[in-house]
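In the working numbering, the protein residues as written are 248 to 736.
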């Protein structure tokens, strides 16, 4: 791979502190994939988005391109901050969601501390800080994994990427894309065991399962789709624990691009309110969203889902059951929306909406026709892993593995269809109090009250420090009198 473009030369004191970009790596295919889908999102809602939102989207996309082109840890950190500042500047009419954006910035600053802490450990051990040359293991691997978790905005760190459905392409899709990209780098370079791997695997399993439960506990509407996207993306976190990390880096590429595509198409489907007579386009758009979430054939995440199910079955049936059960739950809201789309009044689509459909399908076609373009930047082992995943489908090592893989694709789809059909008009599958407990809303409010109390206490202390000198002399005299009295006793 050619040498990166250095924005400034490293100093002799801090040789690892430099900003460098590598445009010949994953930045080109991932960046074009992202830009094509974001263009589809803008065309689908042409004339509906505020200009400030479009400007914010472009700022976030620019930061994401720098993130994908980053060659080392410090450049990733700088681009990470640029993306968060872009998200902070992106307007949102929802005041509550707007307030959560500042909380998301705090979460990501904490993740940046973990990321840079891992970089310092690697630098002290003599490891290179270039992403394609780094080897992660033990505590640095743990810090990077947690940072990726927060970057992706997945449960219970979902406060790091708050969103509504219209803004899901930007506020959830791009964090998932960047988090999945870092996960792929992590898997491709991981050469050792992660510290506390057993405990982290339990937390990841809880994250996936509880995300799916929260999905069906939401009232039928936007919140359910947001949580369905989080539950779908949470499968990325399983990859370090169900097989050889380097072999699963190809699976990570497919799942990452599939999750981003799902976020964009979810936003498009939400804004799509047209259907021609006898041509139910609205149902068709939601059908595409369902197919992407279920990772059906010809969808971006299909081979990734196949590899995920096969490796999960090899690692233990419990992992396979977790994947199947969670998928069966988070597909329910999508089936419900397909049923509801039959009642939408017809209206002729505009040429921008037709263009959005074509532009949105083109990246998926590119990934299907030339997957090696997206896999090659991560090394030969990723390409070999992709070949191995394809052979799992076409040349299955045994009948049981093939049967469980096919069942893992079909059973969730049919199970979700049956539940959605039986309870199509039900608002929630769980009580509201349990839903509020599971999505950590009560905990968030409690932590907010603690923060406000500590903030008020700190401001009161600072106000005391700013008192006139006479007040301090009076306080010192009282303290001296008490001290002398105690000595006299």
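All C-beta atoms in this analysis are idealised placements derived from N, C-alpha and C, irrespective of residue type, glycine included.
All figures in this text were calculated on a predicted structure; none of them were measured in a lab.
Item: C-alpha gap between residue 401 and residue 515, whole angstroms; Value: 22 Å
Item: Nearest neighbour of residue 540, chosen from 571, 332 and 430 [CA to CA]; Value: 571
Item: Residue 269 beta carbon near the ligand COA (any heavy atom closer than 6 Å); Value: In terms of ligand content, the structure shown is empty, and the ligand COA therefore cannot be addressed.
Item: Range of the contiguous alpha helix (DSSP H) that encloses residue 507; Value: 496-518
Item: Residue 377 - DSSP class collapsed to helix/strand/coil; Value: strand
Item: Cβ shell of residue 342 (< 6 Å), same chain only, five flanking positions each side left out; Value: Interpretation of residue 342 is limited by its pLDDT of 46, a score under 50 that renders its predicted location unreliable; the figure taken from the coordinates is listed afterwards. There are no such residues.
Item: Pick from 545, 289, 304 and 317 that is closest to residue 332, judged by C-alpha positions; Value: 304
Item: Sub-7 Å separation of residue 632 and residue 496 beta-carbons; Value: yes
Item: Check whether residue 664 and residue 582 have beta carbons under 7 Å apart; Value: yes
Item: For residue 749, the nearest candidate out of 696, 414, 269 and 637 (CA to CA); Value: In this structure the chain extends from 248 to 736, so residue 749 is not present and cannot be described.
Item: Opening and closing residue of the alpha helix (DSSP H) in which residue 619 lies; Value: 618-622
Item: Own chain partners of residue 567 with C-beta closer than 8 Å, once the 5 adjacent residues on each side are dropped; Value: 556, 559, 560, 651 and 655
Item: Cβ pair residue 316, residue 274 closer than 7 Å; Value: yes
Item: Residue 403 versus residue 307: straight-line alpha-carbon distance, rounded; Value: 24 Å
Item: Cα-Cα separation, residue 500 to residue 368; Value: 27 Å
Item: Where residue 523 falls, given that 16 or more other Cβ within 10 Å makes a residue buried; Value: Confidence in residue 523 is poor, its pLDDT being 49 and thus under 50, which makes the residue's placement unreliable; the coordinate value appears in the next sentence. With fewer than 16 Cβ atoms within 10 Å of its Cβ, residue 523 is classed as exposed.
Item: Pair within 7 Å by beta-carbon distance, residue 454 and residue 291; Value: no
Item: Pair within 7 Å by beta-carbon distance, residue 547 and residue 505; Value: yes
Item: Alpha-carbon spacing of residue 378 relative to residue 320, whole angstroms; Value: 7 Å
Item: Three-state secondary structure assigned by DSSP to residue 383; Value: strand
Item: Beta bridge counterpart(s) of residue 441 as assigned by DSSP; Value: 385
Item: When 528, 565 and 508 are compared against residue 542, the one with the closest alpha-carbon; Value: 508
Item: Reference residue 353; option with closest CA among 371, 420 and 334; Value: 334
Item: Residue range of the unbroken alpha helix (DSSP H) whose run includes residue 408; Value: Unbroken run through residue 408: none, as it is neither H nor E.
Item: Outcome for residue 464 when other beta-carbon atoms lying within 10 angstroms are tallied against a minimum of 16; Value: buried
Item: Alpha-carbon to alpha-carbon, residue 725 and residue 444; Value: 56 Å
Item: Cα-Cα separation, residue 299 to residue 611; Value: 29 Å
Item: For residue 317: DSSP bridge partner residues; Value: 268
Item: Minimum C-alpha distance to residue 390 - residue among 380, 440 and 412; Value: 440
Item: Nearest-angstrom Cα separation, counted from residue 281 out to residue 551; Value: 18 Å
Item: Pick from 380, 422, 361 and 469 that is closest to residue 626, judged by C-alpha positions; Value: 380
Item: Cβ shell of residue 498 (< 8 Å), same chain only, five flanking positions each side left out; Value: 486, 550, 551, 554, 555, 558, 632 and 636
Item: Beta strand (DSSP E) segments (min. 3 residues) lying fully within the segment 528-598; Value: none
Item: Backbone secondary structure at residue 428 - three-state DSSP; Value: helix
Item: Cβ neighbour criterion (16 or more within 10 Å) applied to residue 199; Value: Within the shown structure, residues of the chain are numbered from 248 to 736, placing residue 199 beyond reach of any answer.
Item: Reduced DSSP category for residue 464 - H, G, I as helix; E, B as strand; rest coil; Value: helix
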